[in-house]
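Some notes on the structure that comes next.
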Amino acid sequence: MDKLWVAIHETARKYRGGTKNKGGIHAMALAMSVHPGTFRNKVDPSCPNHIPNINEIRAMMLMSGDCRILHALASDVNHACFPLPNIRFPSDTDLIEAWASWQGEVAETVQQVKRAIAERCITQAEIRDIDQELQKDFAHGMAMLEVLKGMAEPPEEE
Numbered sequence: 001m002d003k004l005w006v007a008i009h010e011t012a013r014k015y016r017g018g019t020k021n022k023g024g025i026h027a028m029a030l031a032m033s034v035h036p037g038t039f040r041n042k043v044d045p046s047c048p049n050h051i052p053n054i055n056e057i058r059a060m061m062l063m064s065g066d067c068r069i070l071h072a073l074a075s076d077v078n079h080a081c082f083p084l085p086n087i088r089f090p091s092d093t094d095l096i097e098a099w100a101s102w103q104g105e106v107a108e109t110v111q112q113v114k115r116a117i118a119e120r121c122i123t124q125a126e127i128r129d130i131d132q133e134l135q136k137d138f139a140h141g142m143a144m145l146e147v148l149k150g151m152a153e154p155p156e157e158e
């Protein structure tokens, strides 16, 4: 099954924002003010004629806090997604903290690679571990960039 459709279905199925601790597809449909039957068809991979629109996909991610749909889309076009910090008024200490955090993650990746190549036989488990470490590195590097963007002069008017 296509990973994008799995992501769409799982985001709706695992939604837990409904009232009285109820969640799932029905609860998400109600929260989005969409008819539950229609929404169920839209998130069901076996219903190819019912497709959620981009606004519904965005609402699903915002409501659930689950970005697996975004990650599946990015992967389909050979890109990756990383969470960014929400810093409104960054300071010098935010920059130092972001830089130190990023460098700490890079050091962990170097250690992971060092362990993997020490025996001259790299396992698939080690590849997965290194992949996870690299993703953390990129996320922390992008977080530092976001802090820098917040500290930059405003763009010139065109």
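Everything in the sequence shown is counted per full-length UniProt numbering, starting at 1 for the first residue and increasing by one. Even for Gly, the Cβ is constructed at its ideal location relative to N, Cα and C.
Residues in the same chain with beta-carbon distance under 8 Å from residue i, minus the five sequence neighbours each way, listed in chain order, please.
| i | result |
| --- | --- |
| residue 138 | 80 and 82 |
| residue 4 | 69, 72, 73 and 76 |
| residue 57 | 8 and 69 |
Three-state secondary structure (DSSP) at residue i?
| i | result |
| --- | --- |
| residue 82 | coil |
| residue 152 | coil |
| residue 17 | coil |
| residue 123 | coil |
| residue 57 | helix |
| residue 8 | helix |
| residue 158 | coil |
| residue 3 | helix |
| residue 71 | helix |
| residue 22 | coil |
| residue 28 | helix |
| residue 49 | coil |
| residue 43 | helix |
How about residue i and residue j: are their beta carbons less than 8 Å apart?
| i | j | result |
| --- | --- | --- |
| residue 12 | residue 43 | yes |
| residue 98 | residue 143 | yes |
| residue 27 | residue 39 | no |
| residue 45 | residue 1 | yes |
| residue 130 | residue 116 | yes |
| residue 37 | residue 90 | no |
Spatial neighbours of residue i within its chain, please: CB distance less than 6 Å, with the 5 preceding and 5 following residues excluded, ordered by chain position.
| i | result |
| --- | --- |
| residue 41 | 47 and 50 |
| residue 133 | 108, 109 and 112 |
| residue 54 | none |
| residue 60 | 11 |
Assuming residue i and residue j form a contact by the criterion Cβ under 8 Å, report the distance between their Cβ atoms to the nearest whole angstrom.
| i | j | result |
| --- | --- | --- |
| residue 17 | residue 23 | 6 Å |
| residue 145 | residue 95 | Residue 145 to residue 95, Cβ: 10 Å. No contact. |
Cutting at 7 Å between CB atoms, please list the residues of its own chain near residue i, excluding the five before and the five after it.
| i | result |
| --- | --- |
| residue 84 | 142, 143 and 146 |
| residue 245 | Residue 245 falls outside the range modelled here, since the chain spans only 1 to 158, and no answer is possible. |
**Contact between the region 102-120 and the region 60-80 (3+ Cβ pairs under 8 Å)** = no
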